[in-house]
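Structure first, commentary second.
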Amino acid sequence: MTKRWTLALLVIGGCASAAEREARRSVLLTVENRAGAGLYFFQHAPCGSDDWTDVIASDEFLPDGEDLSTGNLEPGCYDLYVEDEFACSAENTSGEREEGTAFIWTVEETDLVCD
75 MTKRWTLALL VIGGCASAAE REARRSVLLT VENRAGAGLY FFQHAPCGSD DWTDVIASDE
135 FLPDGEDLST GNLEPGCYDL YVEDEFACSA ENTSGEREEG TAFIWTVEET DLVCD
């Protein structure tokens, strides 16, 4: 019985370690909404591309003054895109995101472009 519990604890401990290793390999992205309007349609694309097909959180609505965080982004070079509730958009093209780092994008009203 003791051997089973030891094995179970080792497996559980190994899972936690795998999750921790995955967190260290990914990028934590936080979008802070200070735009004066609700934001939605969060996407990313390879640096310099206008192919906004990689959705971060399309079903999320982020009210003004709130933050949204996600930790499942792969390290690499990509641009960020978001729209507000009035179809205005903002892009962040600051580039390279390194593994195990946190990136905070504060979207302000002056960042939004309305067509």
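Residue numbering for the sequence shown follows the numbering used here, starting at 75 and increasing by one per position.
Beta carbons are placed, not taken as given, at the ideal position from N, Cα and C, and that holds for glycine.
Keep in mind it's a predicted model, so treat the numbers as computed, not measured.
Neighbour-count burial assignment, residue i, 16 or more Cβ in a 10 Å radius
i       : result
Phe-116 : buried
Arg-78  : With a pLDDT of 48 at Arg-78, under the threshold of 50, the modelled position of this residue cannot be trusted, and the question is left open.
Asn-146 : exposed
Asp-189 : exposed
Ala-164 : buried
Asp-141 : exposed
Cβ neighbours of residue i in the same chain (closer than 8 angstroms, five flanking residues each side left out)
i       : result
Ala-119 : Asp-125, Trp-126, Thr-127, Asp-128, Tyr-152, Asp-153 and Tyr-155
Asn-107 : Leu-113, Leu-136, Pro-137, Asp-138, Gly-139, Glu-140, Asp-141, Leu-142 and Val-181
Boundaries (first-last residue) of the beta strand (DSSP E) holding residue i
i       : result
Leu-186 : Segment: none, Leu-186 is in no beta strand (DSSP E) and carries neither H nor E.
Cys-121 : Here Cys-121 belongs to no beta strand (DSSP E), and DSSP marks it neither H nor E.
Asp-138 : Note, Asp-138: premise wrong, no beta strand (DSSP E); not H, not E.
Ser-168 : That residue, Ser-168, is in no beta strand (DSSP E); it is neither H nor E in DSSP.
Thr-175 : Run containing Thr-175: none; DSSP gives neither H nor E here.
Gly-150 : 150-158
Cβ separation of residue i and residue j, assumed to be a contact under 8 angstroms, to the nearest whole Å
i       : j       : result
Asp-109 : Val-181 : Correcting the residue type first, residue 109 is Ala in the shown sequence and not Asp. Confirmed, about 5 angstroms.
Tyr-114 : Glu-157 : 6 angstroms
Glu-134 : Ser-100 : So it is not a contact: roughly 18 angstroms between Cβ atoms.
Residues of its chain near residue i, where Cβ-Cβ distance is below 6 angstroms and the 5 sequence neighbours each way are ignored
i       : result
Thr-167 : Asp-153
Closest residue to residue i among the options (Cα-Cα distance)
i       : options                               : result
Gly-174 : Ala-111, Cys-121, Gly-150 and Asp-141 : Gly-150
Gly-112 : Leu-136, Ile-178, Ala-176 and Glu-106 : Leu-136
Asp-138 : Glu-172, Phe-160 and Arg-171          : Phe-160
Cys-51  : Asp-185, Ala-176 and Glu-172          : Outside the displayed span of the chain (75 to 189) sits residue 51, for which this structure offers no information.
Cutoff 7 angstroms; reference residue i; Cβ partners in own chain excluding five residues on either side
i       : result
Gly-169 : Cys-121 and Cys-151
Ile-178 : Thr-104 and Glu-106
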